[in-house]
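K.L.:
There's a structure below that I have some questions on.
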Amino acid sequence: MSEIERTDEVAWDHVITSKKRVLDINVKELVKYRDLLFLLVRRDFVAQYKQSVLGPLWFFIQPLLNTLVFTVIFGNIAKIPTDGIPNMLFYMAGTVVWSFFSLTFTNVGMTFATANGLFSKVYFPRLIVPIANVINNVITFGIQFLLFLGFLFYFLLAGSALHPNLWILFLPILLIHVGLFAMGTGLIVSALTTKYRDLRFLVGFGLQLWMYATPVVYPASIVKPSLLWVLWMNPLAPVVEFFRFMFLGKGIVNPLFYSISVVESLLLILLGLVLFTRTEKDFIDRI
Amino acid sequence: MALCVSVDHVSKQYILGNFGYGTFRHDLQSWWAKLRGKEDPNAKLGGPGLGEANEEFMALNDVSFEVHEGDRVGIVGRNGSGKSTILKILSRLTTPTRGSVKIKGRVASLLEVGTGFHPDLTGRENVYLNGSILGMRRWEIREKFEEIVAFSEINQFIDTPVKRYSSGMYIRLAFAVAAHLKSEILILDEILAVGDMGFQQKCVAKMKSLGQDEGRTIIFVSHIPGYVKELCTRAILLRKGQMVMEGETLPVMDEYERELRG
Ligand SMILES: Nc1ncnc2c1ncn2[C@@H]1O[C@H](COP(=O)(O)OP(=O)(O)OP(=O)(O)O)[C@@H](O)[C@H]1O
Ligand SMILES: [Mg+2]
Numbered sequence: 001m002s003e004i005e006r007t008d009e010v011a012w013d014h015v016i017t018s019k020k021r022v023l024d025i026n027v028k029e030l031v032k033y034r035d036l037l038f039l040l041v042r043r044d045f046v047a048q049y050k051q052s053v054l055g056p057l058w059f060f061i062q063p064l065l066n067t068l069v070f071t072v073i074f075g076n077i078a079k080i081p082t083d084g085i086p087n088m089l090f091y092m093a094g095t096v097v098w099s100f101f102s103l104t105f106t107n108v109g110m111t112f113a114t115a116n117g118l119f120s121k122v123y124f125p126r127l128i129v130p131i132a133n134v135i136n137n138v139i140t141f142g143i144q145f146l147l148f149l150g151f152l153f154y155f156l157l158a159g160s161a162l163h164p165n166l167w168i169l170f171l172p173i174l175l176i177h178v179g180l181f182a183m184g185t186g187l188i189v190s191a192l193t194t195k196y197r198d199l200r201f202l203v204g205f206g207l208q209l210w211m212y213a214t215p216v217v218y219p220a221s222i223v224k225p226s227l228l229w230v231l232w233m234n235p236l237a238p239v240v241e242f243f244r245f246m247f248l249g250k251g252i253v254n255p256l257f258y259s260i261s262v263v264e265s266l267l268l269i270l271l272g273l274v275l276f277t278r279t280e281k282d283f284i285d286r287i
Numbered sequence: 288m289a290l291c292v293s294v295d296h297v298s299k300q301y302i303l304g305n306f307g308y309g310t311f312r313h314d315l316q317s318w319w320a321k322l323r324g325k326e327d328p329n330a331k332l333g334g335p336g337l338g339e340a341n342e343e344f345m346a347l348n349d350v351s352f353e354v355h356e357g358d359r360v361g362i363v364g365r366n367g368s369g370k371s372t373i374l375k376i377l378s379r380l381t382t383p384t385r386g387s388v389k390i391k392g393r394v395a396s397l398l399e400v401g402t403g404f405h406p407d408l409t410g411r412e413n414v415y416l417n418g419s420i421l422g423m424r425r426w427e428i429r430e431k432f433e434e435i436v437a438f439s440e441i442n443q444f445i446d447t448p449v450k451r452y453s454s455g456m457y458i459r460l461a462f463a464v465a466a467h468l469k470s471e472i473l474i475l476d477e478i479l480a481v482g483d484m485g486f487q488q489k490c491v492a493k494m495k496s497l498g499q500d501e502g503r504t505i506i507f508v509s510h511i512p513g514y515v516k517e518l519c520t521r522a523i524l525l526r527k528g529q530m531v532m533e534g535e536t537l538p539v540m541d542e543y544e545r546e547l548r549g
């Protein structure tokens, strides 16, 4: 009896049981680990360009290459219209936004696969890893976005009929929206890959199809108005169109479907966090 | 001394067999077959043996003990007796199936060779990474950096990626980090195995002083009885997941050595 009393007097820092709470996130602990977060962001960022022969230039090469390929294949060969916007600018806008989503989604989705060496040896709040991935990709987006701005100014000076407008102020919200959506779907995938190993390949393939279901290489305006709602079912479709509308003045903005997309991203991040925190507790037993 | 770890009726159950290799395709197939009222094609796949292969296994069975601040506890037992399992639970890498563990203070753990070091980063970068993983601030690590390098005796290799370290060098640096950074509880699993004799002695001496001079709590697993006797104030003997004895080091070690002799 006396022993039980004594045990209860101690101010325990950690209580480890099999109980799984629905959303077990310790924000205070995450804040305490901010130095680790910075370190991981820096490490991943540096590792990205150290692995490529081109060094830091890689951040520019990637969107440029995508833009070039799209311009040749979809612009010059397939001759898909681009809403009257210069081809290069049109594809670059699409690819910059799409890459932000797809890279974040892929990186976050691989969390348990890439970090399992670390996860099985030391404890730290696991969420730090996907958060670092998101921050890292925001920085990458920032760099590629500057490139896009450079091209935009060039075409503006050259007198193209482009109409950047005040909706640009909405960009931070659009970024948070895409970031949450990518992180949410990524977290869901990361949790599922600990159960299904083959899911990773499926995801890679699915991502490619997903891009073609998103108005990245074509404008929404080429879709028949009566069928447009099918396109809007894809939460990323309104996002890409809105981005183009802000900076280039062309694009179909549907406030209803955009709002639905925002709500979806909030639901997905919640579901992702729930699944992730459930998985992290004992996933090392199953690797 | 105040209590800092309380292990309360902890059991850990593992499922043996290949259950972890689920594939999406198989589950989809099974689900599709069930939907059409057909027999699950994957049930036949493993044959009758499959169900038995996935049997449950108790790696820890109703283990309870307490550790007080400044204690140096040795956990001993034969291979597979559950030593690493209890340390993994204490380090929060996994959860117990039943029971609970309560901890007061920061825990630094060094579990077998290959602590959370990142192979592509240099020794220096890993010291910072490891320190941050323990929840330390950058300046706290910087303060201790020289001491860590001096203790590990790998001065010249500190800016080499750790994948090029020998396993002994690896564990030296890992131990030096864990021992020098602030944490109230230090958990060590068979870290002495790959170090040379000189380093083993140095580690044991260091751990002893951490306990005696700094009042840090140490939970230590080793297969070398001599070191457990030298270092630990208390010992716990595990046998097939059960705690068979707990108390003063010497009597527990006598029992363990009797068990080893069979
Ligand atoms: N993820 C796992 N899945 C299934 N069984 C496991 C798993 N991890 C450990 N085990 C089993 O649990 C038992 C205890 O393992 P543990 O690693 O705790 O032993 P140990 O006492 O540390 O042994 P050693 O002295 O060899 O290090 C072993 O039989 C092991 O096979
Ligand atoms: Mg072990």
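These protein sequences, in sequence, are chains F and C. Take 1 as the starting number for the first sequence in the working numbering and just add one per residue. Take 288 as the starting number for the second sequence in the working numbering and just add one per residue. Backbone N, C-alpha and C define an ideal beta-carbon position, used for all residues, glycine too.
Distance check for residue 279 of chain F and residue 29 of chain F, CA to CA, integer angstroms please.
P.N.:
Taking the straight line from one Cα to the other gives about 18 Å.
K.L.:
If you count every other CB in all the chains shown that lies within 10 Å of the CB of residue 157 of chain F, and 16 or more means buried, which is it?
P.N.:
Residue 157 of chain F is exposed by the Cβ-count criterion.
K.L.:
Consider the C-beta atom of residue 541 of chain C and the heavy atoms of ligand 2; say whether any pair is separated by less than 8 Å.
P.N.:
Incorrect: residue 541 of chain C has no Cβ contact closer than 8 Å to ligand 2.
K.L.:
Considering only residues of the same chain and omitting the five flanking positions on each side of residue 290 of chain C, which have a CB-CB separation below 8 Å?
P.N.:
So the list reads 353, 354, 355, 356, 391, once near-sequence residues are dropped.
K.L.:
Within the present structure, is the beta-carbon of residue 477 of chain C separated from the nearest heavy atom of ligand 2 by less than 8 Å?
P.N.:
Yes, ligand 2 has a heavy atom inside 8 Å of this Cβ.
K.L.:
Is residue 386 of chain C a contact residue of ligand 1, with contact defined as CB to any heavy atom under 8 Å?
P.N.:
Checking every heavy atom of ligand 1 against the Cβ of residue 386 of chain C, none is found closer than 8 Å.
K.L.:
Would you please state the rounded distance, in angstroms, between the beta carbons of residue 519 of chain C and residue 369 of chain C? I believe it to be under 8 Å.
P.N.:
Their Cβ separation, rounded to whole angstroms, is 18 Å, which puts residue 519 of chain C and residue 369 of chain C out of contact at 8 Å.
K.L.:
Whose beta carbon lies closer than 5 Å to any heavy atom of ligand 1, going through the chain in order?
P.N.:
Cβ atoms closer than 5 Å to ligand 1 belong to F:285, C:301, C:346, C:366, C:367, C:368, C:369, C:370, C:371, C:372.
K.L.:
Just to confirm my understanding: we take residue 481 of chain C, look at its own chain, exclude 5 residues before and 5 after, and list those with CB closer than 7 Å. What are they?
P.N.:
The residues are 400, 454, 455, 458.
K.L.:
Within 9 Å (strictly less), CB to CB, does residue 14 of chain F reach chain C?
P.N.:
Cβ-Cβ to chain C under 9 Å: yes for residue 14 of chain F.
K.L.:
Following the continuous alpha helix (DSSP H) through residue 540 of chain C, name the residue where it begins and the one where it ends.
P.N.:
Element bounds for residue 540 of chain C: 536 to 548.
K.L.:
Taking only heavy atoms of ligand 2 into account, decide whether any of them is closer than 8 Å to the Cβ of residue 350 of chain C.
P.N.:
Result no, Cβ not under 8 Å from ligand 2.
K.L.:
What residues from the region 100 to 122 of chain F come within 9 Å of chain C, judged by C-beta to C-beta, listed N to C?
P.N.:
Flagged, chain order: 117, 118, 119, 120, 121, 122.
K.L.:
Of the residues F:113, F:130, F:248, which one's Cα is nearest the Cα of residue 148 of chain F?
P.N.:
Closest by alpha carbon: F:248.
K.L.:
Any heavy atom of ligand 2 closer than 8 Å to the CB of residue 399 of chain C?
P.N.:
Flag set: Cβ of residue 399 of chain C near ligand 2.
K.L.:
Among C:415, C:527, C:372, which one has its Cα closest to the Cα of residue 431 of chain C?
P.N.:
Here the closest residue by C-alpha is C:415.
K.L.:
By the 10 Å Cβ neighbour count, where 16 or more other Cβ atoms means buried, how is residue 266 of chain F classified, buried or exposed?
P.N.:
Exposed, because fewer than 16 other Cβ atoms sit within 10 Å of the Cβ of residue 266 of chain F.
K.L.:
Cα-Cα, which of F:219, F:276, F:286, F:153 is closest to residue 188 of chain F?
P.N.:
For the residues F:219, F:276, F:286, F:153, the minimum Cα distance to residue 188 of chain F belongs to F:276.
K.L.:
Within 9 Å (strictly less), CB to CB, does residue 532 of chain C reach chain F?
P.N.:
No, residue 532 of chain C lies away from the interface with chain F (no Cβ there is under 9 Å from its Cβ).
K.L.:
List, in chain order, every chain F residue whose beta-carbon is nearer than 9 Å to that of residue 439 of chain C.
P.N.:
The contacting residues do not exist; residue 439 of chain C stays about 18 Å from chain F at best.
K.L.:
Taking C-beta pairs closer than 7 Å, name the residues in chain F that residue 311 of chain C reaches, listed in chain order.
P.N.:
Those are 196, 198, 199, 202, listed as they occur along chain F.
K.L.:
Which of the three DSSP states is assigned to residue 17 of chain F in this structure?
P.N.:
In the structure shown, residue 17 of chain F sits in a strand (DSSP, three-state: E or B).
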